[in-house]
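Working notes, structure below.
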Amino acid sequence: AILDLIEELFAPPGPHPPYYTRERGRDGVRHCVESPNADCLLAEEDSVALGLATVYIDLLSIRRGQRCTLEELVVTGEQRSRGVGALLLEAARGWAREHGCAHLQLESGLGRKDAHRFYLTHDMDQVSYVFTRDV
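In this text, residue positions in the sequence shown follow our numbering: the first is 90, and each later residue adds one.
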């Protein structure tokens with residue numbers, strides 16, 4: 090169910106990562122669940138997965154202190170605009186606080202205009218552009 094949720098991130102306007110496989114996804118989920126510095130926060134109703142947020146303590150920043158990255162945040166298409174994303178975002182903030190993080194950061198693809206409105210509506214600030222390249 091978690092991998093199915095992750096793969097919803099690849100639906101337009103999201104791109105499919107060129108190196109993603111379900112095996113790689115399973116390895117990532119296993120690491121996320123087993124690491125003391127990461128977690129998968131799952132929203133369920135009647136044993137049905139509605140959404141997922143993954144969080145990672147990843148960096149002690151000189152400027153901002155301990156950072157928590159919200160790496161994946163996804164809600165099934167039929168559950169969007171029903172409060173599931175807001176609950177997951179608040180759960181991610183709570184997890185970050187409980188783990189001593191000073192701030193929560195996430196990246197969002199340029200084409201995800203609906204997601205950007207959601208984040209801004211929920212007190213997130215757009216503070217930078219992210220540049221990336223496969224190595």
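Don't be surprised by glycine CBs; every beta carbon is placed ideally from N, CA and C.
Assigned exposure category for residue i - 16 Cβ within 10 Å defines buried
{"i": "L178", "result": "buried"}
{"i": "A142", "result": "buried"}
{"i": "A90", "result": "exposed"}
{"i": "Q215", "result": "exposed"}
{"i": "T158", "result": "buried"}
Residue span of the beta strand (DSSP E) that contains residue i, given as start and end
{"i": "D93", "result": "Premise fails: D93 lies in the alpha helix (DSSP H), I91 to E97, not in any beta strand (DSSP E)."}
{"i": "L149", "result": "V137 to S150"}
Cβ neighbours of residue i in the same chain (closer than 8 Å, five flanking residues each side left out)
{"i": "T221", "result": "none"}
Other residues of its chain near residue i: CB distance less than 7 Å, five sequence neighbours each side excluded
{"i": "L261", "result": "Because the chain spans 90 through 224 in this model, residue 261 falls outside it and cannot be assessed."}
{"i": "A175", "result": "H211"}
In DSSP terms, what residue i is bridged to
{"i": "L155", "result": "The sequence shown places Gln at residue 155, not Leu. Answer by DSSP bridge pairing, in chain order: L149."}
{"i": "A204", "result": "Paired residue(s): none; A204 is not in a bridge."}
{"i": "E161", "result": "T143"}
Unbroken alpha helix (DSSP H) run spanning residue i, endpoints
{"i": "D116", "result": "R111 to E123"}
{"i": "E187", "result": "V173 to E187"}
**Message:** Using a Cβ distance threshold of 8 Å, determine whether the segment 127-139 contacts the segment 178-190, with at least three qualifying pairs required.
**Reply:** yes
**Prompt:** Using 8 Å as the Cβ pair cut-off and three pairs as the minimum, do the segment 109-121 and the segment 163-172 touch?
**Reply:** no
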